[in-house]
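*Asks:* By the working numbering, the letter at position 16 of the sequence shown is numbered 77, and the numbering carries on one by one without gaps.
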Amino acid sequence: MRATMYDILGIGFIAGSAYFFVRTVNFLAEADYVAALIALAVAFAVVRAGVDLSRLAVAASRED
62 MRATMYDILG IGFIAGSAYF FVRTVNFLAE ADYVAALIAL AVAFAVVRAG
112 VDLSRLAVAA SRED
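(1) In this structure, how does DSSP classify M62 when only helix, strand and coil are distinguished?
(2) Terminal residues of the continuous alpha helix (DSSP H) containing A92?
(3) Using 8 Å for Cβ pairs, my map puts A104 next to S78. What's the rounded Cβ distance?
(4) Rounded to whole angstroms, what's the CA-CA distance from L70 to V119? Just pull it up for me.
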């Protein structure tokens, strides 16, 4: 059960990071480079959290 929850959260974080990548492109189109850099950093942090949760899901499923 834990592995399934971690897997759903990990996929959600990875999919949710797409929003921040889209916002980055929008900021770049508006020539707002500082906001684009911040949005890009947030996007990478969210992707990293999603990958870590997915790794945790794999580890939890191996315990069962």
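We treat Cβ as the ideally placed atom computed from N, Cα and C, and that holds for glycine.
Just so you know, these numbers come straight off a predicted model, no measurement behind them.
*Replies:* If we stick to the structure as given:
(1) Three-state DSSP puts M62 in coil, outside helix and strand.
(2) First-last for A92: undefined, no H or E at that position.
(3) 5 Å
(4) Distance between the alpha carbons of L70 and V119: 13 Å.
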